[in-house]
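**Student:** The sequence shown maps to residues 1 to 229 in UniProt numbering.
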Amino acid sequence: MADNIARVFADAIATDPTRPLLTWYDDATGERTELSGATLANWVAKTANLLVDDLALGPGDTAAVLLPPHWQTAAVLLGCWSAGLTVPGGPGDVGVLFAAADRAAEADAWSTADRYALALHPFALPLREAPAGFADYVTEVRVHGDHFGAYPDGGPAHAALRARAVGRAAELNIVPGDRVLVDVDRHPDPLDWLLAPLSAGASLVLCAHPDPARLTDRRSTEKVTRALS
Numbered sequence: 001m002a003d004n005i006a007r008v009f010a011d012a013i014a015t016d017p018t019r020p021l022l023t024w025y026d027d028a029t030g031e032r033t034e035l036s037g038a039t040l041a042n043w044v045a046k047t048a049n050l051l052v053d054d055l056a057l058g059p060g061d062t063a064a065v066l067l068p069p070h071w072q073t074a075a076v077l078l079g080c081w082s083a084g085l086t087v088p089g090g091p092g093d094v095g096v097l098f099a100a101a102d103r104a105a106e107a108d109a110w111s112t113a114d115r116y117a118l119a120l121h122p123f124a125l126p127l128r129e130a131p132a133g134f135a136d137y138v139t140e141v142r143v144h145g146d147h148f149g150a151y152p153d154g155g156p157a158h159a160a161l162r163a164r165a166v167g168r169a170a171e172l173n174i175v176p177g178d179r180v181l182v183d184v185d186r187h188p189d190p191l192d193w194l195l196a197p198l199s200a201g202a203s204l205v206l207c208a209h210p211d212p213a214r215l216t217d218r219r220s221t222e223k224v225t226r227a228l229s
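1. Could you give the residue range of the alpha helix (DSSP H) that holds residue 69?
2. Between which two residues does the alpha helix (DSSP H) harbouring residue 140 extend?
3. Would you mind reading off the limits of the alpha helix (DSSP H) that contains residue 212?
4. Less than 8 Å between the C-beta atoms of residue 100 and residue 66, yes or no?
5. Run the CB neighbour count on residue 1, radius 10 Å, all protein chains shown included, and call it buried at 16 or more, exposed below.
6. Could you work out which residue in 216, 64 and 77 is closest to residue 109 when comparing CA atoms only?
7. Which residues bound the alpha helix (DSSP H) around residue 47?
8. Decide if the segment 81-96 is in contact with the segment 200-220; the criterion is three or more beta carbon pairs, one per stretch, under 8 Å apart.
9. For residue 203, name the three-state secondary structure that DSSP assigns.
10. Pick helix, strand or coil for residue 88, following the three-state DSSP scheme.
11. Between residue 49 and residue 145, what straight-line distance do the alpha-carbon atoms span, to the nearest angstrom?
12. Just to confirm my understanding: we take residue 222, look at its own chain, exclude 5 residues before and 5 after, and list those with CB closer than 8 Å. What are they?
13. In angstroms with no decimal places, state the Cα-to-Cα distance between residue 4 and residue 216.
14. Within 10 angstroms of its Cβ, does residue 160 collect 16 or more other Cβ (buried), or is it exposed?
15. To the nearest angstrom, how far is the alpha carbon of residue 79 from that of residue 114?
16. Please work out which residues of its chain come closer than 7 Å, Cβ to Cβ, to residue 229, disregarding the five sequence neighbours upstream and downstream, and give them in chain order.
17. So what does residue 25 bridge to, in DSSP terms?
18. Between 88, 118 and 149, which has its C-alpha nearest residue 52's C-alpha?
19. Please determine, among 112, 39, 25 and 208, the residue with the shortest C-alpha to C-alpha distance to residue 61.
20. Indicate whether residue 154 and residue 88 have their beta-carbon atoms separated by less than 8 Å.
21. Going by DSSP in three states, residue 127 sits in which element: helix, strand or coil?
22. Residue range of the beta strand (DSSP E) that residue 96 falls in?
23. Taking the alpha-carbon of residue 197 as reference, which of 116, 47 and 163 has the nearest alpha-carbon?
Following this line, the structure appears as structure tokens:
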């Protein structure tokens, strides 16, 4: 089996792709978006197909992801990993860049010809106007297929990240079947809010700007079994 970090996601949804896998809350805006494993998999596949078919990217290439924790960020990251790309932590030359529209100026620290901006709209609507030099991610990704072929070997970087995710899940005491509530303001690293839970076979309830007055009811409503706050 090829070393590809996106297999963590594939394994997480294999048993029941229809169950809620990722639920996103932003208490500052009142947003709630729930995605089944199958729905998120469609977004992941579209992203991977965009990278491979439109940009001819694959193993050995890199992607810059200037996005906050969000369900669309999960789709972008998992799509990049599915295609065999790595996601470096610092500025430099990359094959593609994804940025929140309000962080477009930060892209100047990275060198790439292909840039995509995201509105991070709760209903995945496109931007009214993409920043100069950027294509709109939602508009571009929707035309691609809902299925992606065999995962290419991501190499040592993917194997190392997968091992870190498994180790982090153990540190956080996340076990298979857990429903994990994550305060993403306190845990902005994708290793915590995305990969560690998925590697353990858990599902996610991600909360931005969490309102303490709502958390007790949310834990009950979402059947939370583990909280990272």
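Don't be surprised by glycine CBs; every beta carbon is placed ideally from N, CA and C.
**Tutor:** To lay it out plainly:
1. Counting along the chain, residue 69 falls outside any alpha helix (DSSP H), and DSSP gives it neither H nor E.
2. 137-141
3. 212-221
4. yes
5. Summary for residue 1: the model assigns pLDDT 41, below 50, so the residue's position carries little reliability, and this model does not support an answer.
6. 64
7. 37-49
8. no
9. strand
10. coil
11. 7 Å
12. 23, 179, 181 and 205
13. 37 Å
14. exposed
15. 16 Å
16. 183 and 186
17. 32 and 207
18. 149
19. 112
20. no
21. coil
22. 96-100
23. 163
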